[in-house]
Structures are given as structure tokens and as C-alpha cells.
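Each remark here refers to the structure printed beneath this line.
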Amino acid sequence: MITILIANNVDKNQGNIKQFFNKNYPITIYVLLCLMGVWFNIERYVTEDLTIWNMLTITFIGTTNDMYSLLSFAHYVVIFIGFVYFVQLLLQRYLSEMSYFTIIRYQSMNRWFLSWFPKIVKSIIVLLFSLIAATISLAVLKGYAFIVTDNMFEIIYQFMINGFLQLLFYVLFVIIVSLVTRDVLKSFISLLILTIFMLPGFRLNNLIPVGLNSMGYLLENAQVFLISFKLIGYIAFEVIVLLLLLNKKDYTF
Numbered sequence: 357m358i359t360i361l362i363a364n365n366v367d368k369n370q371g372n373i374k375q376f377f378n379k380n381y382p383i384t385i386y387v388l389l390c391l392m393g394v395w396f397n398i399e400r401y402v403t404e405d406l407t408i409w410n411m412l413t414i415t416f417i418g419t420t421n422d423m424y425s426l427l428s429f430a431h432y433v434v435i436f437i438g439f440v441y442f443v444q445l446l447l448q449r450y451l452s453e454m455s456y457f458t459i460i461r462y463q464s465m466n467r468w469f470l471s472w473f474p475k476i477v478k479s480i481i482v483l484l485f486s487l488i489a490a491t492i493s494l495a496v497l498k499g500y501a502f503i504v505t506d507n508m509f510e511i512i513y514q515f516m517i518n519g520f521l522q523l524l525f526y527v528l529f530v531i532i533v534s535l536v537t538r539d540v541l542k543s544f545i546s547l548l549i550l551t552i553f554m555l556p557g558f559r560l561n562n563l564i565p566v567g568l569n570s571m572g573y574l575l576e577n578a579q580v581f582l583i584s585f586k587l588i589g590y591i592a593f594e595v596i597v598l599l600l601l602l603n604k605k606d607y608t609f
């Protein structure tokens, strides 16, 4: 009897595990790709005399006006644009559920928006902290020096603050296009098209705010605060557009 009970529980657990994996396999694959990218760069430079802060810069180097590699570009797209893909899936669910009853429940589009948007902001913060923690942990395990460097503040600032602002720009861009077109897929495709301006010859002197959180800008002695001001300006414009859209009176469901 006990054997049958154990067997039944094991079967149920396996079923739950299978169901969990089937439901969350995109996120699992995304996490594995992020870790593989970090691990690849750490292994690649393990024989060189580098600090963990050097590795953080190299791992998320992205692309700049003077530096480009297909591998760095692909790694950037997978991590940061890949994150927005999951935001797009969540947004698709919220928009599909939006109706007159939703507006009645929240009393306004602004309250409806604020009921779920803070979760996305928290997700951005969690992503950035997870990436920096994973990179530092793996680098320390491989013997990279954990020392304070002169540019440590700029490295952390570029990764965390400008990384947050850049992801916030991406998320707001996707939300705005989704509200205008009522098609979440078009918004994500529009964001992918924007990544063209990360390629050599298309950067237009960084006029288009894409890839500005690339760590490679530190190697070009770019002003991290100037990058922040530029991103804040674009985000402020997005917020104005978003408020205009949320306060429209002619939504159709």
C-alpha cells in the first residue's frame, strides 16, 4: 500500500515538473542562454590578468560607434531584447483582457496601467541585479581578481542605471506601439527594427536611443551621465505620449 502511494506521488510530481517545464520553457531557455553567454566570455579571457569589473565590461560590451562584433551584438539582443519579448507576452495578455469591464473596475486607463506596470519595473531591476551577480560569482569562481578599480563606479553606473533606463525605454516603446496598433507583435517587430541602428554605419551618432547601455562606451571614455540624460529625455517623451494614449476617450474593445 505504501509502495503504491509513493508511486502515485512520484507520478504526480513528474507530471507537475513536466507541466511546469512546458509552461516555462521559454524562460528556462532564456536564462540558460544568458548564463552561457556570461560563461563563454569568462572562459575566453581566463588566462588574462583581468578583474571582475573588466569581465563585466567585456561580457556586456554590446556595440558602439567604433566597436562591433556579431557575437557581442547577438549577446546583447538575446539578453535585453529577449527580456522585452517576455514583457510583450505579458502585455499581450493584458491587452486581450482589456474591456469596458476592465475600465469600470479600475475607473480609468491610468489606474489599469499602474496596476501591472510596476511589476515590469521590478522585473527590470531583478534582471540587472541577477546578471551582475551571476557575472561576478562566475568570475570569482574562475579566479578573477575582486579588487576596487578607478572606474568601478562608472562600470556599475553604466550597467545598472543606464541599463535600467535603456530597458525602460524599450518597454515603454513596446507598450506605446501596442496601444496604437492594438497588435503586440507589431510592437516587438518595431523594436527589432530599431536594433538596426546598433550596426556600423547606422548609428547616426547615437541619435536613436538603442544600445546606449552597451558597456563598450566605457572603453571609448563616453560620459555615462550624458547617456543617462539622453535616455531620460526620450523616456520623458514616451511618458507624455503614453499619457495621451491612456487618456483617450475613444477606445474600442
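Residues 357 to 609 in this note's numbering are what the sequence shown spells out, letter by letter.
Every residue, glycine too, gets a C-beta built ideally from N, C-alpha and C.
All values derive from a computational prediction rather than experimental measurement.
Only counting the same chain, and skipping five residues up and downstream in sequence, which positions put a Cβ closer than 6 Å to that of residue i?
i	result
Val-434	Leu-389
Leu-528	Glu-594
Val-482	none
Phe-473	none
Ile-596	none
Lys-478	none
Please check the pair residue i and residue j, which I expect to be a contact at CB under 8 Å, by giving their CB distance rounded to whole angstroms.
i	j	result
Leu-601	Val-533	Contact flag wrong, Cβ pair sits at about 10 Å.
Ser-570	Thr-419	6 Å
Met-465	Asn-603	7 Å
Ile-414	Tyr-424	At roughly 14 Å, the Cβ-Cβ gap does not stay under 8 Å, so Ile-414 and Tyr-424 are not in contact.
Tyr-386	Gly-438	5 Å
Leu-563	Gly-519	The pair is not a contact, with the Cβ atoms about 20 Å apart (cut-off 8 Å).
Taking the alpha carbon of residue i as the point to measure from, which residue in the options has its own alpha carbon closest?
i	options	result
Leu-450	Phe-436, Ser-464, Trp-468	The identity of residue 450 in the sequence shown is Tyr, whereas the question assumes Leu. Of Phe-436, Ser-464, Trp-468, the residue nearest in Cα terms is Trp-468.
Val-394	Asn-421, Thr-420, Leu-487, Ile-385	Leu-487
Thr-491	Leu-426, Ser-428, Phe-416, Asp-422	Phe-416
Met-554	His-431, Val-402, Pro-382	His-431
Asp-422	Pro-556, Val-580, Tyr-590, Leu-563	Pro-556
Val-540	Leu-406, Leu-391, Ser-452	Ser-452
Phe-509	Leu-412, Leu-587, Glu-404, Lys-475	Leu-412
Ile-588	Ile-517, Leu-599, Lys-478	Ile-517
Ile-476	Ser-428, Gln-463, Asp-506, Tyr-526	Tyr-526
Ala-489	Tyr-381, Ile-512, Leu-598	Ile-512
Glu-404	Leu-599, Ile-596, Phe-436, Lys-498	Lys-498
Asn-410	Asp-506, Lys-478, Phe-473	Asp-506
Using C-beta distances below 7 Å, list every residue in its chain close to residue i, excluding the 5 sequence neighbours before and after it, in chain order.
i	result
Leu-494	Val-394, Trp-395, Ile-398
Val-530	Val-440, Val-443, Gln-444, Leu-447, Ser-543, Phe-544, Leu-547
Val-639	What is shown of the chain runs 357 to 609, which leaves residue 639 out entirely.
Leu-524	Ile-480, Ile-591
Leu-521	Ser-584, Leu-587, Ile-588, Ile-591
Ser-428	Ile-417, Gly-418, Thr-419
Leu-598	Leu-528, Ile-531, Ile-532
Leu-406	Tyr-500
Among residues of its own chain, excluding the 5 on either side of residue i, which ones have a beta-carbon nearer than 8 Å to its beta-carbon?
i	result
Ile-408	Thr-491, Ile-492, Ala-495, Val-496, Tyr-500, Ala-501, Phe-502
Phe-558	Ile-552
Gln-514	Asn-569, Met-571, Tyr-573, Leu-574, Val-580, Ile-583
Leu-560	Phe-553
Glu-576	Thr-420, Asn-421, Asp-422, Met-423
Arg-538	Leu-451
Please give me, in chain order, every unbroken run of the alpha helix (DSSP H) with length at least 4 that falls completely inside the stretch 400-427. 408-415
Mind pulling the alpha helix (DSSP H) runs of 4 or more residues that sit fully within the stretch 448-518? 456-462, 465-470, 473-497, 508-513
Taking only runs of the beta strand (DSSP E) that begin and end inside the stretch 521-605, which ones reach a length of at least 3 residues, in chain order? none
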